[in-house]
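Enquirer: One structure, pasted below without further comment.
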Amino acid sequence: MRAGLSRRALGGLLGSGLLGSGLLGAGVLQGRAFASPTARSDRKFLFVFCEGGFDPTWVFAPMLDVASVHTDTDVGAELREQGGLRWVHNDRRGQVSTFLQDNAHRTCFINGFEVRSVTHEACRRIIMTGGTGSTLDDWPSRIAAASPSALLPSLVLSGPSYTYDNGSAVIRVGESGQLARLISGEALADGDLGVGLPSSAAQAEIEALLRRRIEARMGGSSTSQARFAEAMRSGIDQLGLVQGIEGLDLSVDADGWVFASDRVEAALMALELGLSRCITVEHKGEWDIGWDTHSGLSRQENNYIVLFEDLAAIMAALDSRVGLSGAPLSEEVTVVVFSEMGRAPGLNTTGGKDHWTFTSAMLIGAGVAGGKVIGAYDDSFIGRPIDLSTGEADEHGTPLTSQHLGATLLELAGIDPLAELGIPAIQAAISS
Amino acid sequence: MVSLLWLMFSCGGPAETLPPGGDGGGDGGDDGGTETETLPGTGALSPLEPPRLLRRISLDLRGILPSVEELDAVEADPSQLTALRDAWMEDPRFEERLVHLYAARWHTRVDAFLLLYTEYLSGEDPTREYELERMVGEEPLRLIARVIAHDLPWSDVVQADWTMGTALMAQAWPVEHGGGEGWQPSRYTDGRPAAGVLSTNGLWWRYFSTVTNYNRGRVAALTRLLICEDYQSRTISFAEASGGLGEGVVVEDALREDPYCMGCHSAIDPIATTLFGFWPANEYNADEVDTYHPEREAQGEVLLQTPGQWYGDPVSGLVELGAHIAADPRFERCAVQTAAELLWRREAGVQDFDRIEALAQVYRGSDGRMKPVLRAILDEEVYRAADHAAKAGEASSENTARLLSPDQAASAIEELTGFRWTWMGFDQLDNDTIGYRVMAGGVDGDLSTRMLPLPNMTTVLVQQRLAEAAASHALGGGLSGSGLSGALGGLLEGVDEASRPGDPAFDGALAALAWHLHAERPDEAYLAELQALWTAVEASDGASAAWQATLIVLLRDPSFLVL
Chain A
1 MRAGLSRRAL GGLLGSGLLG SGLLGAGVLQ GRAFASPTAR SDRKFLFVFC
51 EGGFDPTWVF APMLDVASVH TDTDVGAELR EQGGLRWVHN DRRGQVSTFL
101 QDNAHRTCFI NGFEVRSVTH EACRRIIMTG GTGSTLDDWP SRIAAASPSA
151 LLPSLVLSGP SYTYDNGSAV IRVGESGQLA RLISGEALAD GDLGVGLPSS
201 AAQAEIEALL RRRIEARMGG SSTSQARFAE AMRSGIDQLG LVQGIEGLDL
251 SVDADGWVFA SDRVEAALMA LELGLSRCIT VEHKGEWDIG WDTHSGLSRQ
301 ENNYIVLFED LAAIMAALDS RVGLSGAPLS EEVTVVVFSE MGRAPGLNTT
351 GGKDHWTFTS AMLIGAGVAG GKVIGAYDDS FIGRPIDLST GEADEHGTPL
401 TSQHLGATLL ELAGIDPLAE LGIPAIQAAI SS
Chain B
433 MVSLLWLMFS CGGPAETLPP GGDGGGDGGD DGGTETETLP GTGALSPLEP
483 PRLLRRISLD LRGILPSVEE LDAVEADPSQ LTALRDAWME DPRFEERLVH
533 LYAARWHTRV DAFLLLYTEY LSGEDPTREY ELERMVGEEP LRLIARVIAH
583 DLPWSDVVQA DWTMGTALMA QAWPVEHGGG EGWQPSRYTD GRPAAGVLST
633 NGLWWRYFST VTNYNRGRVA ALTRLLICED YQSRTISFAE ASGGLGEGVV
683 VEDALREDPY CMGCHSAIDP IATTLFGFWP ANEYNADEVD TYHPEREAQG
733 EVLLQTPGQW YGDPVSGLVE LGAHIAADPR FERCAVQTAA ELLWRREAGV
783 QDFDRIEALA QVYRGSDGRM KPVLRAILDE EVYRAADHAA KAGEASSENT
833 ARLLSPDQAA SAIEELTGFR WTWMGFDQLD NDTIGYRVMA GGVDGDLSTR
883 MLPLPNMTTV LVQQRLAEAA ASHALGGGLS GSGLSGALGG LLEGVDEASR
933 PGDPAFDGAL AALAWHLHAE RPDEAYLAEL QALWTAVEAS DGASAAWQAT
983 LIVLLRDPSF LVL
């Protein structure tokens with residue numbers, strides 16, 4: 001699947017003149033390509049969204065001795081700790097412990113933040129944006145919009161995406177990899193009606209005239225028309241650059257699972273080449289069913305097994321690849337594992353767990369203060385206020401919400417969260 | 433979207449109100465003035481030129497471009513626009529277009545429901561998956577569209593004793609189809625009360641309830657859509673619940689007893705009680721999910737421990753619920769606000785308070801019918817704006833250069849060329865499983881709930897492929913005439929393989945094509961550029977390819993993509 005486009009290939013692209021023709025982002029990309037990987041403004045993000053609402057008590061929030069919280073009470077559940085990280089272990093899901101033991105030094109849990117709703121749709125929006133308003137941009141697009149040079153600033157492989165001002169920063173690959181088929185032109189062969197593409201000569205004539213028309217519109221007196229035309233030109237420029245990268249393969253297996261390896265492969269490639277600042281991918285667990293376990297709690301366990309197997313593969317891939325800076329890609333990328341809500345402490349009438357406003361998230365990799373558990377739950381599974389600087393529970397501290405998660409991500413990305421949101425980051429979760 | 437009434441009170445009243453737009457009566461108004469009007473607090477809106485306004489209205493009402501003759505007429509006499517607008521509201525395509533328009537708010541045209549098409553079409557052609565999924569998701573939208581298009585009272589949306597159905601629906605569900613082709617008024621035969629969209633499988637399959645949610649999520653959808661009361665926009669905190677949702681507290685008890693929870697649930701739960709005919713006792717059982725359960729209608733009162741009510745008024749069953757919704761003052765205001773927002777392509781704000789009130793007056797003055805309201809919106813300055821100069825230092829709050837929606841692009845190009853992009857039975861601009869709806873800027877109703885305001889890389893790419901496909905389809909067979917379908921055939925009439933730039937037939941066809949597609953008279957410079965493109969491609973690839981290239985560049989032009 002992977003064509004192996006390397007930094008050398010990107011160097012060739014940079015030197016090919018394709019990027020030197022005044023197209024969008026070209027100059028900036030050249031300037032940014034070899035910037036320091038440690039700069040927050042160069043940090044990249046992989047958002048792994050666990051759709052449906054995972055149960056933090058199975059891994060992130062040990063509540064084994066708390067009678068009021070129903071958790072993994074079967075035989076074998078126990079507390080594990082390594083390097084400051086504490087989690088729930090059970091031999092049945094050894095993959096979880098294996099991963100956390102291997103990655104504790106660069107992994108941080110954030111426990112007990114509140115997503116202030118209990119419906120999937122509202123919670124998805126809140127966890128992604130910090131609020132319920134339809135005019136809010138989500139964290140990936142906010143971060144991506146701060147990096148206009150990236151060709152595919154916020155690449156959405158699957159899962160939610162909310163934009164208002166930053167729509168042009170978000171590129172969707174499509175559920176079955178439609179973007180690749182569009183780019184290659186194969187999409188036309190999919191149609192029920194046979195069609196053919198213009199010749200390359202005709203295509204060149206079309207593009208040239210279209211560009212003149214757009215640029216004329218950009219220079220016109222109408223503000224809104226100019227803005228529209230500018231957005232069009234940006235899109236066309238982006239497209240031209242993406243098409244120009246020989247070997248870039250954004251295709252996915254149409255009948256593969258959502259978290260199929262080839263899909264993540266495309267994500268890793270986009271990060272490796274600096275094409276994208278943010279990647280969003282949905283993780284629906286075993287059999288792609290999701291995490292919404294109103295009944296059948298065992299699905300949480302099976303989903304966690306698959307999730308941590310996939311995370312292990314991702315981290316191994318990030319470690320083995322080299323970013324544009326020459327450092328391992330894992331030093332440039334922060335992996336964010338989260339879900340739109342948590343699950344209630346008690347069982348419902350069908351033996352499952354209903355929605356709960358408090359939940360957890362896991363940060364792994366670049367910039368993350370590893371070996372830490374931020375925040376805590378009380379015996380009612382209500383998140384406890386914390387001291388943002390230490391991450392310790394503090395009754396006089398700050399109750400955490402999804403906005404604090406977002407503020408922390410923005411800070412990790414080099415964006416001032418106080419200026420953007422009026423909310424401080426959880427400094428204890430950040431190492432650099 | 434939130435109710436402007438709520439905004440008014442929550443903000444202490446409208447900070448900056450505007451004069452009512454249009455003539456308030458929905459009978460026309462100024463068609464095509466070009467003065468710039470300064471509006472307090474919002475900067476200046478400048479109106480579209482009449483042909484461009486005609487184009488916007490045509491695409492919004494019919495989903496197709498105005499003909500050259502229609503453009504000529506309005507260019508010569510802008511007052512012609514009113515008659516055309518009214519005629520288009522009687523066009524069959526108006527009803528179809530309304531389905532797409534309201535889908536952007538109702539979010540029922542999703543690609544997946546809890547039940548798969550194979551539950552109903554086992555052993556049948558899998559290419560019918562799309563048909564079945566749209567059958568489900570469009571049911572409430574078709575009802576809405578019929579109510580508006582046939583000038584029925586808007587209250588029929590929650591009170592009609594019919595639904596809309598297809599022959600396939602009659603095959604899959606207990607529905608008596610009204611006969612005839614396509615969507616027709618139909619009736620359920622399983623004993624459910626008939627109350628417009630409140631009785632439709634389509635609405636409640638999209639807004640599903642788990643067993644233990646007891647229809648509460650459905651109530652949130654219902655109030656958001658029908659009275660613009662969006663409970664989901666209100667954030668909650670379990671930590672701040674008055675008694676705390678702590679140890680030993682049963683959530684169901686807290687919802688009834690804790691004042692923090694009761695703030696919303698004292699309204700939500702009594703409404704949820706009325707929906708128990710749709711409540712599944714097991715959401716993992718297909719029969720439970722897809723069946724209406726008349727015997728459970730009274731069960732809500734037991735399980736939720738509250739009688740059915742609509743904001744304090746006792747309600748028994750769906751029919752009474754529909755009547756109470758229709759009588760709620762928020763119902764009419766939400767109806768006009770929703771319509772305005774859909775056509776403005778932006779949410780209403782406090783500054784729109786008077787505009788919305790003026791539209792509500794139109795609604796009341798027309799016995800609660802929406803057609804006059806739509807007319808009034810189309811006459812209104814926000815709808816007609818070409819540009820908006822915001823006050824210095826402020827970002828524009830208007831969306832005046834609107835991106836053509838995927839369904840508008842699809843239907844306009846089909847009417848022009850006869851091309852509809854389909855694959856395996858799926859409309860490729862109307863699904864995201866294998867298609868390009870969201871990538872083209874559209875709404876999937878699930879993960880994407882808002883039209884993209886401006887083009888991006890994927891929208892220009894989808895448009896490029898759509899243009900290429902349509903041009904190839906229409907002109908790949910040459911210019912013989914017989915191969916040309918759609919409006920393009922008429923526009924290129926008189927042009928043949930021997931026609932060249934400079935020939936009157938050629939030049940006339942080229943100018944007419946640009947005029948038709950853009951509603952802007954092409955100037956000499958642009959025509960010269962198009963001719964140069966044609967000539968260059970013809971030299972290498974022939975006349976047919978040259979016309980294809982010309983059509984492609986016109987279809988990808990910003991003047992085509994801007995609504």
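If you read the protein sequences in the order shown, they are chains A and B.
Per the numbering used here, the first sequence starts with residue 1, numbered consecutively.
Per the numbering used here, the second sequence starts with residue 433, numbered consecutively.
Note that CB positions come from ideal geometry on N, CA and C, so glycine has one too.
1. Measure the CB-CB distance between residue 276 of chain A and residue 110 of chain A and report whether it falls below 8 Å.
2. Going along the stretch 700-711 of chain B in order, which residues come within less than 9 Å of chain A, judged by CB to CB distance?
3. Distance check for residue 696 of chain B and residue 393 of chain A, CA to CA, integer angstroms please.
4. Note down, in chain order, all residues in the stretch 335-361 of chain A with a beta-carbon under 9 Å from any beta-carbon belonging to chain B.
5. Rounded to the nearest angstrom, what separates residue 871 of chain B and residue 63 of chain A at their Cα positions?
6. Can you check whether the CB of residue 421 of chain A is closer than 8 Å to the CB of residue 130 of chain A?
7. Only counting the same chain, and skipping five residues up and downstream in sequence, which positions put a Cβ closer than 7 Å to that of residue 124 of chain A?
8. Taking the continuous beta strand (DSSP E) assigned at residue 82 of chain A, which residues delimit it?
9. Which class does residue 455 of chain B belong to by DSSP, given the choice of helix, strand or coil?
10. Can you name the residues that DSSP bridges to residue 358 of chain A?
11. By how many angstroms is the C-alpha of residue 801 of chain B removed from the C-alpha of residue 584 of chain B?
12. Between the stretch 836-849 of chain B and the stretch 217-235 of chain A, do at least 3 Cβ pairs fall closer than 8 Å?
13. Any beta carbon of chain A sitting closer than 8 Å to that of residue 742 of chain B?
14. What residues from the stretch 650-670 of chain B come within 7 Å of chain A, judged by C-beta to C-beta, listed N to C?
15. Which of the three DSSP states is assigned to residue 754 of chain B in this structure?
16. What residues in the stretch 515-549 of chain B have a beta carbon less than 7 Å from any beta carbon of chain A?
17. Should residue 823 of chain B go down as buried or exposed, given a rule of 16 or more other Cβ atoms within 10 Å for buried?
18. With a threshold of 16 other CB atoms inside 10 Å of the CB of residue 396 of chain A, please say whether the residue is buried or exposed.
19. In this structure, how does DSSP classify residue 372 of chain A when only helix, strand and coil are distinguished?
20. If the cut-off is 7 Å on Cβ atoms, which residues from the stretch 959-970 of chain B count as contacting chain A, listed in chain order?
21. Using a Cβ-Cβ cut-off of 6 Å (strictly less than) and excluding sequence neighbours within five positions of residue 819 of chain B, which residues of its own chain qualify?
22. Per DSSP, what kind of secondary structure is residue 154 of chain A in: helix, strand or coil?
23. Are residue 334 of chain A and residue 366 of chain A close, meaning C-beta to C-beta below 8 Å?
24. Counting along the chain, where does the beta strand (DSSP E) carrying residue 434 of chain A start and finish?
25. Is residue 900 of chain B close to chain A? Criterion is C-beta to C-beta, closer than 8 Å.
26. Per DSSP, what kind of secondary structure is residue 713 of chain B in: helix, strand or coil?
27. Answer with buried or exposed for residue 734 of chain B, where buried requires no fewer than 16 other C-beta atoms within 10 angstroms of its C-beta.
28. Which residues in the same chain have their Cβ closer than 6 Å to the Cβ of residue 305 of chain A, if we skip the five residues on either side of it in sequence?
29. Quick one: Cα of residue 933 of chain B to Cα of residue 949 of chain B, how far?
30. So, helix, strand or coil for residue 50 of chain A, using DSSP?
31. Am I right that residue 902 of chain B and residue 205 of chain A are in contact with their C-beta atoms under 8 Å? What's the rounded C-beta distance?
32. Counting only beta-carbon separations shorter than 8 Å, does residue 633 of chain B have a partner in chain A?
33. Can you name the residues that DSSP bridges to residue 339 of chain A?
34. Which same chain residues, not among the five before or five after residue 965 of chain B, have their C-beta less than 7 Å away from its C-beta?
35. Residue 312 of chain A to residue 54 of chain A, Cα distance in whole Å?
36. Is it buried or exposed, residue 559 of chain B, if we count other Cβ atoms within 10 angstroms and call 16 or more buried?
Expert: On the basis of the data shown:
1. As a first step, residue 276 of chain A must be located in the first sequence, where it is residue number 276. As a first step, residue 110 of chain A must be located in the first sequence, where it is residue number 110. Against a cut-off of 8 Å, the Cβ pair of residue 110 of chain A and residue 276 of chain A comes out as no contact.
2. When CB distances to chain A are screened at a threshold of 9 Å, not a single residue of the stretch 700-711 of chain B falls below it.
3. On the first sequence, position 393 is the one that residue 393 of chain A refers to. On the second sequence, position 264 is the one that residue 696 of chain B refers to. About 31 Å.
4. Listed by position, the residues of the stretch 335-361 of chain A near chain B (Cβ gap below 9 Å) are 344, 345, 346, 348, 349, 350, 352, 354, 355, 356, 357, 358.
5. What you label residue 871 of chain B is simply residue 439 of the second sequence in a count that begins at 1. What you label residue 63 of chain A is simply residue 63 of the first sequence in a count that begins at 1. About 43 Å.
6. For this step, residue 130 of chain A is matched to residue 130 along the first sequence. For this step, residue 421 of chain A is matched to residue 421 along the first sequence. Closer than 8 Å, so yes.
7. What you label residue 124 of chain A is simply residue 124 of the first sequence in a count that begins at 1. Here the set comprises 160, 340.
8. Locating residue 82 of chain A in the first sequence gives position 82, where the first residue counts as 1. Counting along the chain, the beta strand (DSSP E) containing residue 82 of chain A begins and ends at 78-82.
9. Against the second sequence, residue 455 of chain B aligns to sequence position 23. With a pLDDT of only 34 at residue 455 of chain B, under the threshold of 50, the placement of this residue in the model should not be trusted, and no figure is reported.
10. What you label residue 358 of chain A is simply residue 358 of the first sequence in a count that begins at 1. Residue 358 of chain A has A:114 as its beta-bridge partners, per DSSP.
11. On the second sequence, residue 584 of chain B is found 152 positions in, with the first residue counted as 1. On the second sequence, residue 801 of chain B is found 369 positions in, with the first residue counted as 1. Straight-line spacing of the CA atoms in residue 584 of chain B and residue 801 of chain B works out to 6 Å.
12. By the Cβ test, the stretch 836-849 of chain B is not in contact with the stretch 217-235 of chain A, since fewer than three Cβ pairs between them sit closer than 8 Å.
13. Start at 1 with the first residue of the second sequence, and residue 742 of chain B comes out as number 310. For residue 742 of chain B, no CB of chain A lies under 8 Å from its own CB, so it is not counted at the interface with that chain.
14. Residues 652, 664, 665, 667, 668, 669, 670.
15. Counting from 1 along the second sequence, the entry for residue 754 of chain B is found at position 322. Helix.
16. Those would be none; no residue qualifies.
17. As a working note, residue 823 of chain B is residue 391 in the second sequence. Under this definition residue 823 of chain B is an exposed residue.
18. Taking the first residue of the first sequence as 1, we reach residue 396 of chain A at position 396. Under a 10 Å Cβ-count criterion, residue 396 of chain A is classified as exposed, with fewer than 16 other Cβ atoms of the shown protein chains found around its own Cβ.
19. Translated into positions along the first sequence, residue 372 of chain A becomes position 372. Residue state, collapsed to three classes: strand.
20. The stretch 959-970 of chain B vs chain A, Cβ under 7 Å: 961, 965, 968, 969.
21. In the second sequence, residue 819 of chain B corresponds to position 387, counting from 1. The residues 478, 832, in chain order, have a CB closer than 6 Å to that of residue 819 of chain B in the same chain once the five nearest residues on each side in sequence are set aside.
22. As a first step, residue 154 of chain A is located in the first sequence; it is residue number 154 there, counting from the start. Three-state result, residue 154 of chain A: strand.
23. The count along the first sequence starts at 1 and reaches residue 334 of chain A at position 334. The count along the first sequence starts at 1 and reaches residue 366 of chain A at position 366. It is a contact, given that the beta carbons lie within the stated cut-off.
24. Look at the range of chain A in this structure, 1 to 432, and you will see that residue 434 of chain A is not part of it.
25. For the purposes of this step, residue 900 of chain B is taken as residue 468 along the second sequence, with counting starting at 1. Closer than 8 Å to some Cβ of chain A, the Cβ of residue 900 of chain B qualifies, so yes.
26. Taking the second sequence and counting its residues from 1, the one referred to as residue 713 of chain B is at position 281. Reduced to three states, the DSSP call for residue 713 of chain B is coil.
27. Residue 734 of chain B sits at position 302 when you count from the first residue of the second sequence. A residue is called buried when at least 16 other Cβ atoms come within 10 angstroms of its Cβ; residue 734 of chain B does not meet this threshold and is exposed.
28. Your numbering for residue 305 of chain A matches position 305 in the first sequence. Only 93, 95 meet the Cβ criterion.
29. Taking the first residue of the second sequence as 1, we reach residue 933 of chain B at position 501. Taking the first residue of the second sequence as 1, we reach residue 949 of chain B at position 517. In this structure, the alpha-carbon of residue 933 of chain B lies about 19 Å from that of residue 949 of chain B.
30. The residue you call residue 50 of chain A lines up with position 50 of the first sequence. Three-state result, residue 50 of chain A: strand.
31. The sequence position of residue 902 of chain B within the second sequence is 470, counting from 1. The sequence position of residue 205 of chain A within the first sequence is 205, counting from 1. That pair is no contact at about 18 Å.
32. Along the second sequence, read from residue 1 onward, the residue named residue 633 of chain B stands at position 201. It does not: the Cβ of residue 633 of chain B has no partner Cβ on chain A nearer than 8 Å.
33. Your numbering for residue 339 of chain A matches position 339 in the first sequence. Answer is A:50.
34. Looking up residue 965 of chain B in the second sequence gives position 533. Contacts found: 981, 982, 985.
35. Residue 312 of chain A sits at position 312 when you count from the first residue of the first sequence. Residue 54 of chain A sits at position 54 when you count from the first residue of the first sequence. Here the C-alpha atom of residue 312 of chain A lies approximately 19 Å from the C-alpha atom of residue 54 of chain A.
36. Against the second sequence, residue 559 of chain B aligns to sequence position 127. By the neighbour-count rule (16 or more Cβ atoms within 10 Å), residue 559 of chain B is not buried but exposed.
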